[in-house]
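Numbering (this note's numbering), first residue to last: 29 to 611.
Glycine included, every Cβ here is placed at the ideal spot set by N, Cα and C.
Computed from a predicted structure; not experimentally measured.
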């Protein structure tokens, strides 16, 4: 037992005293340096050339380490071979023919090695060209191999450090002649060719010998990729847009989202369609972007439960052929949450009768094909292996199909900066009535209001300038060969005093409506949720804005925690409210 304890103490002392990871915190007095060994790149060198020396230290037989940078060097005959290069003190240079003994000393421990300087002189230099075009900003290390003759004896020595380097076109490629980076070339243009030359003279009245090679350059390549957003948390059965920023070999950066190859490490949790991830189930996956051998990654965490069922609204739609209506899909998940998944489901139809047109975000349109009639065409919504089918009934009124249209509300009044929707309803010859706002052609005869003309914005008017003392703006809707019109009154708003945001309780995966109320002087607060802009969430890893265009004010809990929410109306940003998302 005593021996075991003693061995344990020794091991602790060894680890503590040896300077862990190569950076001792104090002098190593437990396993001191006991011997060193010198290794020479060349033991025989020509005059005017150098050889690199390295030293390995043995620490009491327990471990070995490179101690070259701690060495004090000396030569017993400096007139034959000498040290003195500041940036590379471990290089010894041949001065004249002869032999020397080189000594290395580290912390009182010494070793020697013989070095011979031959009478060989340079006869030729070989410089190899880069194996491929060098992208702008990239470097290439050139090597110069000198062939030396000593009588009938020929030898080859690496003289990269000893040669003088030059470029024929420094606007295309530069070459370093510094001791610390001899022969290191850099492409500084996106096209062109430079001749890189290495010159060496053996001295003693000899002539310069030159070796050269071409260096051709090309456009910069991507060397690093940054993927955004970093480490997002998102809900299952939703989409997440990623972007990739590339750093090029010349130091420039650019958006390369559409140029990279995207992949997911776990396609049971998330699959990539270009730069958009479609999440399928809770868990974690790595989203990667690659180009030119460079790779960027971000960690994607998926929350919100597993999809159990899908409900489609309307559940039993009826449309006149040639018309359309909004269609939505709501998912119910394993954590008992519900949320709109319209933009994440795959819609399928019999294209001879109907189509579904995604319009961005959580907006999709169900279109009845012109001329089609069907008592029960099936519309399917599918996500994460779950499918919901509904039956669409298409009717065909006898001619003339449209008998009248009507805009509601009639002659609305609104404040400057607020909006209200106008709805146009068509009556058909078979008695059917249908909202055709998104199909109607809308026009306005005044710039005192703005008028939406497409999708959910069709027919929405916003007050711009008060209409007092002037002709009222007229809004006209046309559908088929029928037209209806209404006037609009815009009044000057009282002084806007404040804007406030409020939200109901929200849990992970659930979608809830928040409200923006504007307080004016002398009037009751007005709900301006639809007109609020710049919805800002403190952290989208906890809370997400569902769809600020098609579902203004709707937010979804992403993961348990606390974050903030604010919105802007009338140039005033509401004070941030703290939203606590419960698991």
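- Note on geometry: alpha-carbon atoms of residue 457 and residue 408 lie some 30 Å from one another.
- The Cβ atoms of residue 176 and residue 213 lie no closer than 8 Å to each other.
- Here residue 584 is buried: its Cβ has 16 or more other Cβ atoms, across all protein chains shown, within 10 Å.
- The Cβ-Cβ distance between residue 74 and residue 151 does not fall below 8 Å.
- For residue 586, the number of other beta carbons within 10 angstroms of its own is at least 16, and it is reported as buried.
- Cβ contact annotation for residue 252 (same chain, cutoff 6 Å, sequence separation greater than five): 275, 322, in chain order.
- The way I'd put it, the stretch 423-438 does touch the stretch 503-511; three or more beta-carbon pairs between them come closer than 8 Å.
- According to the DSSP secondary-structure assignment, residue 354 is paired through a beta bridge with 393.
- In the DSSP assignment, residue 242 falls within the unbroken beta strand (DSSP E) covering 237-246.
- At the C-beta level, residue 371 and residue 359 stay beyond 8 Å of one another.
- Judged by DSSP secondary structure, residue 63 falls within the beta strand (DSSP E) whose first and last residues are 61-68.
- With 16 or more neighbouring CB atoms inside 10 Å of its own CB, residue 559 falls in the buried class.
- By alpha-carbon distance to residue 188, the top candidate from 220, 196, 162, 225 is 225.
- Note that the C-beta distance between residue 68 and residue 99 is not below 8 Å.
- Pairing residue 404 with residue 395, the inter-Cα distance amounts to about 14 Å.
- No Cβ-Cβ contact shorter than 8 Å links residue 598 with residue 492.
- Annotation for residue 441: 517 place their beta carbon closer than 6 Å to its own, counting only its chain and skipping 5 residues before and after.
- The criterion of a C-beta distance shorter than 8 Å is satisfied by residue 164 and residue 245.
- With contacts defined by Cβ atoms closer than 8 Å, residue 534 and residue 595 do not form a contacting pair.
- In this structure residue 470 is in contact with residue 481, their Cβ atoms being roughly 5 Å apart against a cut-off of 8 Å.
- If you draw a straight line from the Cα of residue 221 to the Cα of residue 160, it comes to about 12 Å.
- Apart from sequence neighbours up to five positions away, the residues of its chain that approach residue 363 with a beta-carbon distance below 6 Å are 333, 537, ordered along the chain.
- Rounded to whole angstroms, residue 421 and residue 272 show a C-alpha spacing of 45 Å.
- If you compare the alpha carbons of 600, 435, 564 with that of residue 607, the shortest gap goes to 564.
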